[in-house]
Every structure is written in C-alpha cells, then in structure tokens.
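Visitor:
Structure follows, in structure tokens:
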C-alpha cells in the first residue's frame, strides 16, 4: 500500500470520465461521487481535523466562555457544567467549523480544493494537493479565517446581549432581528469564499463582495443548504458520543463536500461559463488571464490549468 493509509500516495489516479459521455443529473453525480470517494472524504476529514486543532481549541474555550455567560445565574455543580458544555454547547457550535466560520484558513483551503475537485469529478491527491493549496493560499486564507472568526464571535456576543437586556424594548428587538438576518447572510457567504479562493485569483474584497452577491441572489437555495448542514450536525450529536466520533471521521468532510458540490455549480454557471463562452465567440484560444467583472482572474490560478488539461 503506497503511502500512509493512502494519504501520501502520488501514484494512484481516480477513474476517468469519458469525454463524450452525456451529462448526468447533478443529484445523481452527487451520490455517485460520494459513493466512490467516501473513504477519501474520511481521510480528508481526519487530515483537516489535525491541522484545524487550533480552531477547535478556540471553539472549546469560546463555548465555555459563552456557557459561563448564559448560566451565570444558574445553580450548577461542576459535573453539570461539564455535561452541559461537552454534550450541549460545544456540539451546537461545531456548526461554525462546518460552514466554515471558525477554522484554520490554510487547512480549510486545502480541504476545499480537494472536495471542489471531487464535485467536478476530477482527481485530487489528498496530501499533495492539500499541502500545495494550503501554502499557495496561506496569507489570504489566514486573513479570511481571522475576519470570519472575529465577526462570528462579535455577532454571537451581540445576540446574547440583545436577548438578555431590555427585552421589552422594540428597538432592541429590531436590532436583534437585524443582526440575526445579517449573520444568516454571512453564514451563506462563508460557503462561497473558500471555493472562489482556490479557483480564482481574487482580492479579499472581491471574495466577500462576490460571496455577498451569491448569498443574496441564491438566498433560498443557500438557506436550504444551511438547513441540511444544521440537520447533519444536530442529528449526529443526538447521541453525543457518536456525534464526536462522526466529527472526527466524517462530519467536517461530508458537510464541506455538500457545500462545495452546491457552490461550485453556481460559480461555474455565473463566473466561469460566461467568460469561456465569450472567449469562444471572440475566437480566443490562448491561456492568457481571463478577466471577470470586478477583475476576478482565472488565468494564473487553477481554472485555466484544468481547461488546458481538458
């Protein structure tokens, strides 16, 4: 067996897709790829989990702090506090890792690239591509992860404040509703940021701007995907011990596969195909940088290389 559990195997290639094969329904492709790549997704989940330990530790400490705020007036002994934390607060907050809002950016970029390739029915080397994309997107992904984590913590604390003070104040109620809706949109944006990061050469401002446009334009489909992610996390932790085991082996990878499969189809439709079609109509066949609106660039990141291979 090459490599350690297949992580470092640079020789194996996945099954190819016939060039002239008729297009299949996306839902069928989703389950076919999931079946073929299930154990690879498990490996990616475990690899990501190792490099994402700092974010997981941050999540635990923040969950403990938040629970201390919520239960400060409750009479609970140490055992009850621990049970509430590890079987209640932390499981609920793992959703922020799965979206991803609290994460180590380079690790998230590495996992996103692999699972994005799976969603395109393309091969990816688990360790090689994970490492390459983590390094290539290190600076930008770290900045994005800090922004996302800061905004998430700020919003959660704001929601706690508004829900626990001046409950009869109409202005406070309106402010709380606004913050919750804004955070919902931000969660939708988070699904698009890393897939765009590993596919195009965009600035951070462009990443967030495009993600916001996708969040608004596809609000209800995005909401459906968020609900699916919430349900996966919720039901996996219905029995907490099973939930933690699933989190270690599959939950992060599965939710990321779902979001990447959904998100990439939107990115392809609205960002890639219009430019490729325009270039085709203009008779452009070179691999020079292709400029989208707001200057997202395909040429010197990943997308042009894949088109060249095809």
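In the numbering used here, the protein residues as written are 3 to 312. All C-beta atoms in this analysis are idealised placements derived from N, C-alpha and C, irrespective of residue type, glycine included. Nothing here was measured: the structure is a model prediction, and the numbers come from that model.
1. Could you check which residue in 52, 238, 123 has the C-alpha nearest to that of residue 259?
2. In chain order, which continuous runs of the alpha helix (DSSP H) of length 4 or greater are located wholly inside the region 199 to 251?
3. Going by other Cβ atoms of all chains shown within 10 Å of its Cβ, with 16 needed for buried, is residue 269 buried or exposed?
4. Using 10 angstroms around the beta-carbon of residue 198, count the other beta-carbons present and answer buried if the total reaches 16, otherwise exposed.
5. Applying the criterion that 16 or more other CB atoms from any shown protein chain within 10 Å of the CB defines a buried residue, is residue 59 buried or exposed?
6. DSSP three-state call for residue 122: helix, strand or coil?
7. Can at least three beta-carbon pairs, one atom from the region 182 to 197 and one from the region 262 to 281, be found at a separation below 8 Å?
8. What span of residues does the alpha helix (DSSP H) with residue 132 cover, start to end?
9. Only counting the same chain, and skipping five residues up and downstream in sequence, which positions put a Cβ closer than 6 Å to that of residue 107?
10. Taking DSSP as the reference, what is the three-state secondary structure of residue 26?
11. Check residue 74 in the structure and name its three-state DSSP category.
12. Can you tell me whether residue 139 is buried or exposed, with buried defined as 16 or more other CB within 10 angstroms of its CB?
13. Quick one: what's got a C-beta closer than 8 Å to residue 61's C-beta in the same chain, skipping five residues either side?
14. Measuring only the C-alpha atoms, how far is residue 256 from residue 183?
15. So, are the CB atoms of residue 44 and residue 252 less than 8 Å apart?
16. Is residue 160 closer than 8 Å to residue 181 when the C-beta atoms are compared?
17. Would you mind sorting residue 112 into buried or exposed? The rule is 16 or more other CB atoms within 10 Å of its CB.
18. Taking contact to mean at least 3 C-beta pairs separated by less than 8 Å, is the region 31 to 49 in contact with the region 125 to 135?
19. Would you mind working out which of 185, 120, 189, 65 sits nearest residue 41, comparing C-alpha positions?
20. Of all the options 172, 203, 217, 32, which has the alpha carbon lying nearest to the alpha carbon of residue 192?
21. What number of angstroms, rounded off, separates the C-alpha of residue 223 from the C-alpha of residue 158?
22. Just to confirm, are residue 178 and residue 165 a CB contact at a threshold of 8 Å?
23. Give the straight-line distance between the Cα atoms of residue 39 and residue 27, rounded to the nearest whole angstrom.
24. I need the straight-line Cα distance from residue 152 to residue 283, nearest angstrom please.
25. Skipping 5 residues on each side, what residues in its chain have a beta carbon closer than 7 Å to that of residue 267?
26. With a 10 Å radius around its C-beta and 16 neighbouring C-beta atoms as the bar for buried, classify residue 80 as buried or exposed.
27. Measure the C-alpha to C-alpha separation of residue 189 and residue 114 and round it to an integer number of angstroms.
28. Which of the three DSSP states is assigned to residue 102 in this structure?
29. Let me know the secondary structure DSSP gives residue 167 once reduced to three states.
Guide: Quick answer:
1. 123
2. 206 to 219, 221 to 238, 242 to 248
3. buried
4. buried
5. exposed
6. coil
7. yes
8. 128 to 138
9. 143, 144, 146, 147
10. coil
11. coil
12. buried
13. 92, 95, 96, 98, 99, 104
14. 26 Å
15. yes
16. yes
17. buried
18. yes
19. 120
20. 217
21. 24 Å
22. yes
23. 18 Å
24. 45 Å
25. 28
26. exposed
27. 16 Å
28. coil
29. coil
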